[in-house]
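Asks: Quick note: the sequence shown uses the working numbering, first residue 1038, plus one each step. Built from N, CA and C at the ideal position, the CB exists for glycine as well.
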Amino acid sequence: MSDYQSLVERLSRRSIDIEAVKTKLKEQHVETPSWGYGNSGTRFKTFGYPGAANTVYEKIADAAMVNRLTGVCPSVALHIPWDKVSDWQALKQYASDLGISIGAINTNTFQADIYKFGSICHPDAAVRRTAIDHHLECVDIAKQTGSNAISLWYADGTNYAGQDSFRERRKRMIDSLSEVYAALPDTMRMLIEYKFFEPAFYHTDFSDWGVAYSVANRLGPKAQVLVDTGHHAQGTNIEHIVATLLYEGKLGGFHFNARKYGDDDLIVGTTNPFELFLIFNELVDAGDAAKDVAYMIDQSHAIEPKMEAMLQSVVNIQSAYAKALVVDRKALKTRQSECDVLGAYRVLADAFETDVRPILEQVRSELDLAVDPIGALHESGYDRKIATERGIAEGGGGYPT
Ligand code: PSV
Ligand code: MN
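1) Is DSSP giving residue 1421 helix, strand or coil here?
2) Could you name the residues of the same chain whose beta carbon sits closer than 6 Å to that of residue 1407, not counting the 5 residues immediately before and after it, in chain order?
3) Should residue 1119 be listed as close to the ligand PSV, given that the test is whether its C-beta is under 7 Å from any heavy atom?
4) So, at 7 Å on beta carbons, what are the nonlocal neighbours of residue 1078 in its own chain, with the 5 sequence-adjacent residues on each side left out?
5) Can the beta-carbon of residue 1061 be found closer than 8 Å to that of residue 1075?
6) Is the distance from the Cβ of residue 1373 to the Cβ of residue 1361 below 8 Å?
7) Could you tell me the alpha carbon to alpha carbon distance between residue 1244 and residue 1154, rounded to whole angstroms?
8) For residue 1226, which residues in the same chain have their Cβ closer than 7 Å to its Cβ, ignoring the five residues on either side in sequence?
9) Let me have the residue list for the ligand MN: C-beta closer than 6 Å to any non-hydrogen atom, ordered along the chain.
10) Assign residue 1192 to one of three DSSP states: helix, strand, or coil.
11) Roughly how many angstroms lie between the CA atoms of residue 1202 and residue 1421, to the nearest whole one?
12) Just mark residue 1139 as buried or exposed, buried being the case when its beta carbon has 16 or more other beta carbons within 10 Å.
13) Which class does residue 1333 belong to by DSSP, given the choice of helix, strand or coil?
14) With a threshold of 7 Å, establish whether the CB of residue 1246 neighbours any heavy atom of the ligand PSV.
15) Identify the continuous beta strand (DSSP E) that holds residue 1265 and give its terminal residues.
16) Kindly indicate which three-state DSSP category residue 1429 falls into: helix, strand or coil?
17) Is it right to say residue 1389 is buried, meaning 16 or more other beta carbons lie within 10 angstroms of its own, or is it exposed?
18) Check the DSSP bridge columns for residue 1187 and list the partner residues they point to.
19) Any heavy atom of the ligand SAM within a distance shorter than 7 Å of the CB on residue 1300?
20) Determine whether the beta carbon atoms of residue 1404 and residue 1108 lie at a separation below 8 Å.
21) Going along the chain, which residues of its own chain have a beta-carbon closer than 6 Å to the beta-carbon of residue 1349, five neighbours each way excluded?
22) If you reduce the DSSP assignment to three classes, tell me which class residue 1342 lands in.
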């Protein structure tokens, strides 16, 4: 009996409909970030990687290759101004010719000198005006590229007690975002990210999901919260945040990555596979309430081969999702209603410990893809080709050095 057949047999004992699981896996959509294909590093050094993308066109070509190899990454997020071009129609067409679309447009209000003391929360109205105009420009870029989301993260915050008024900063934040919200077409969402530290260290204005949620609530239904898995204090129960936001209809999307210490932006699922599984468990459990959630990767590699790192993240996400799909939900509900503390845990552990690779391989072959996307990358010669053609880029190709 093949590994796949014995897994199917094992899962049928859990009353898992394997065809339904495969359909869900085929429908999965993971957005990759343009900035993950360029050189990036730590605050100490950006090491140039041979073949790393240096232009938005190269980033889109790499994202399209990741989509061809996995079949589940049909869009790429852009970061403005890193990926700014003069002809958005041409860029959109280029992506579409390669079989992908433009995903979330990420604002950047953290690198220009004027943002030293903040952007939309800055005490000076002129700085806030510049920041708001940048958001409006991003809404316009999203319209032009056919994207349905703008994605917002702020470095705003203070380093010392008394540096500025929390309450006034909050008012400025809400007033600024209200203007941006009013410019959103009905089909576009605003995804608000939070992070409890860095680069500000005494407080950040969007410190946690409560801040992002309350602002999104004030703004309206098109504003939702984006959970970046690296943006929490150690030990935070992210799956609980996910469940709460799903229940409230306010979970807009994810920035998946892995962390060991801070906002490490490592390959998804490498340090925390159980946590990633538990997040997907909540998403699967929520059913239709999770249907519009945007699954995006936000990682930047200091020493990793770019394409291989991105593929590894996608594969790890697929694996966590597949494990969540094979949870025996009926048994879990029964154990929960009986207050069977460890029985319920064992239902989850049983799914987490299931080797789902045969299902993923089966799904890939049914999609006419190679069963091993990373092996297929190496066999294709794509990474060697871009290394030869592009060489080592001078700058970060996104993250300026
Ligand atoms: C900030 O740490 C962040 O998570 C935001 O999403 C940024 O846009 C992204 O990383 C890239 O710097
Ligand atoms: Mn992020």
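Replies: Taking the geometry as given:
1) It is helical.
2) Counting only Cβ-Cβ distances below 6 Å, and skipping sequence neighbours, we find 1413.
3) A distance criterion of 7 Å places the beta-carbon of residue 1119 beyond contact range of the ligand PSV, judged by its closest non-hydrogen atom.
4) Correct list, in chain order: 1084 and 1339.
5) For the pair residue 1061 and residue 1075, the CB atoms are not nearer than the 8 Å cut-off.
6) No, they are not a contact pair.
7) So the two alpha carbons sit approximately 16 Å from each other.
8) If we look at residue 1226 and ignore the five residues flanking it on each side, its Cβ neighbours are 1185, 1186, 1259, 1261 and 1289.
9) This criterion selects 1190, 1230, 1265, 1292 and 1335.
10) Coil.
11) Looking at the two C-alpha atoms, the distance is approximately 53 Å.
12) Result: buried.
13) Secondary structure at residue 1333: strand, using DSSP grouped into helix, strand and coil.
14) In this structure, residue 1246 has its beta carbon at no less than 7 Å from each heavy atom of the ligand PSV.
15) Per DSSP, residue 1265 belongs to the beta strand (DSSP E) from 1260 to 1265.
16) Looking at residue 1429 - three-state DSSP - the assignment turns out to be coil, as it is neither helix nor strand.
17) Looking at its Cβ environment, which holds 16 or more other Cβ atoms inside 10 Å, residue 1389 is buried.
18) The partner list for residue 1187 (beta bridge, DSSP) reads 1142 and 1227.
19) Looking for the ligand SAM in the displayed structure turns up nothing; the ligands present are the ligand PSV and the ligand MN.
20) Going by C-beta atoms, residue 1404 is nearer than 8 Å to residue 1108.
21) Cβ within range, chain order: 1304.
22) Coil at residue 1342, not helix or strand.
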